[in-house]
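Residue numbers (my numbering): 714 to 836. Positions of the beta carbon are idealized from the N, C-alpha and C atoms, including for glycine.
Shown next, in the form of structure tokens:
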């Protein structure tokens, strides 16, 4: 009985120390305020016109199909309104940012690309 109790206590101590060592969630307050200001494109700004929706879908398909991109990069925002494509969100490297911009330019035809992708620091 003492062995079981001791084992449970040791396991609990390791679990608690692992939880205590976790990094706190990032504070996105500034980005949330920026997006709420209306000065930046958000997914709510996506146009419902067939042309703009086709451009967004074509770019998204190209990004998702690209095997060299991380899951973070594959989840960037792609917003098209009035023939203007805005790319927003984090990517892990400058190479991912360039790859997505290239894919967007290829898939977007004559649409203008506003590349606002942000390279985040590696973990």
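Grab the span of the alpha helix (DSSP H) containing residue i for me, first residue to last.
i	result
residue 816	807-820
On the criterion of 16 or more Cβ atoms from any shown chain inside 10 Å, does residue i qualify as buried, or is it exposed?
i	result
residue 745	At residue 745 the pLDDT is 48, less than 50, meaning the model places this residue with poor confidence; the figure from the coordinates comes in the next sentence. Under this definition residue 745 is an exposed residue.
residue 808	exposed
residue 832	exposed
residue 820	buried
residue 780	exposed
residue 765	buried
Taking the alpha carbon of residue i as the reference point, which residue from the options has its own alpha carbon closest?
i	options	result
residue 829	819, 806, 777 and 799	799
residue 786	796, 806 and 771	806
residue 803	818, 784, 778 and 761	784
residue 773	826, 795 and 816	816
residue 824	777, 779, 770 and 793	793
residue 776	822, 814, 827 and 796	814
residue 770	790, 780 and 782	790
residue 768	801, 796 and 810	796
residue 782	761, 763, 811 and 801	811
residue 801	827, 761, 822 and 763	827
Have a look at the DSSP bridge pairing and note the partners of residue i.
i	result
residue 825	797
residue 782	In DSSP, residue 782 forms no bridge with anything.
residue 831	803
residue 790	801
Regarding residue i and the ligand GTP, is the C-beta to nearest heavy atom distance less than 6 angstroms?
i	result
residue 806	Of ligands this structure carries none, so the ligand GTP is not represented either.
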